[in-house]
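Only one structure is covered here, and it is reproduced in the block below.
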Amino acid sequence: MLAFKKVLEQNEVIDTFDRYVFESVVDKVIVGGVDEEGNKDPAMITFVYKTGLSNSLDGEKFKPARRNAKKENTKTSNELCSHTVNEDNKLCSHSSDDTCRVLRVTKKNINLWKSSVNSLVLDELFQTK
């Protein structure tokens, strides 16, 4: 017990969690509380030990990051930047080699198209297997 008290007083990190030791030392855990200014703080966690001591922690420090949260843009980040200088020219939709063409639709073109489609369908229907 004295070794555990020493660890708690020095705020050392414990690598493994032992439920039985925790239950023998901690009387209760209070989630939520009131901060120094009198405001309600739902993230406050207070450990009340069986010795009568209590220890309060800010629960916001222990929350995992949200999955859909916006990542902070820091200059020390190891992530690659997707905005390179050459990317502008590669992704521009208004490039000089535009392939858009005007198609002139006439009755003759439509009839040719219909006959080619019909012949393809007929070929598939009467194809011998």
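Just so it is clear: in the sequence shown, position 82 is 65 by the numbering used here, and no numbers are missing. Heads up, the beta-carbon is just placed ideally off N, CA and C, and yes, glycines get one too. Fair warning: this is a prediction, and the values are worked out from it, not measured in the lab.
(message) Report the CB separation of residue 15 from residue 1 in whole angstroms; it is logged as a contact under 8 Å.
(response) As a first step, residue 15 is located in the sequence shown; it is residue number 32 there, counting from the start. As a first step, residue 1 is located in the sequence shown; it is residue number 18 there, counting from the start. Not quite, the Cβ-Cβ distance comes to about 26 Å (not below 8 Å), so this is no contact.
(message) Less than 8 Å between the C-beta atoms of residue 26 and residue 10, yes or no?
(response) Counting from 1 along the sequence shown, the entry for residue 26 is found at position 43. Counting from 1 along the sequence shown, the entry for residue 10 is found at position 27. Cβ atoms of residue 26 and residue 10: not closer than 8 Å.
(request) Could you name each continuous alpha helix (DSSP H) segment of 4 residues or more that falls completely within the region 2 to 42, going from the start of the chain to the end? (result) 2 to 8
(request) Measure the Cβ-Cβ separation of residue 17 and residue 30 and say whether it is below 8 Å. (result) For the purposes of this step, residue 17 is identified with residue 34 of the sequence shown, where counting begins at 1. For the purposes of this step, residue 30 is identified with residue 47 of the sequence shown, where counting begins at 1. Result no, Cβ atoms of residue 17 and residue 30 do not sit closer than 8 Å.
(message) Would residue 8 and residue 33 qualify as a contact pair, given that the criterion is a beta-carbon distance under 8 Å?
(response) Translated into the one-based positions of the sequence shown, residue 8 becomes position 25. Translated into the one-based positions of the sequence shown, residue 33 becomes position 50. Yes, the pair counts as a contact, with Cβ atoms nearer than the cut-off.
(message) Quick check: does the Cβ of residue -6 come within less than 7 Å of any heavy atom belonging to the ligand NAD?
(response) This structure lacks the ligand NAD; in fact it carries no ligand of any kind.
(message) Rounded to the nearest angstrom, what separates residue 21 and residue 50 at their Cα positions?
(response) Counted from its first residue, the sequence shown places residue 21 at position 38. Counted from its first residue, the sequence shown places residue 50 at position 67. The alpha-carbon atoms of residue 21 and residue 50 are separated by roughly 32 Å.
(request) May I have the straight-line CA-CA distance separating residue -4 from residue -15, to the nearest angstrom? (result) For the purposes of this step, residue -4 is taken as the residue at position 13 of the sequence shown. For the purposes of this step, residue -15 is taken as the residue at position 2 of the sequence shown. Each residue's alpha carbon lies about 16 Å from the other.
(request) Can you tell me which of the three DSSP states residue 48 falls into? (result) The residue given as residue 48 occupies position 65 in the sequence shown. In this structure, residue 48 counts as coil in the three-state DSSP scheme.
(request) Can you tell me which of the three DSSP states residue -7 falls into? (result) Taking the sequence shown and counting its residues from 1, one reaches residue -7 at position 10. Coil at residue -7, not helix or strand.
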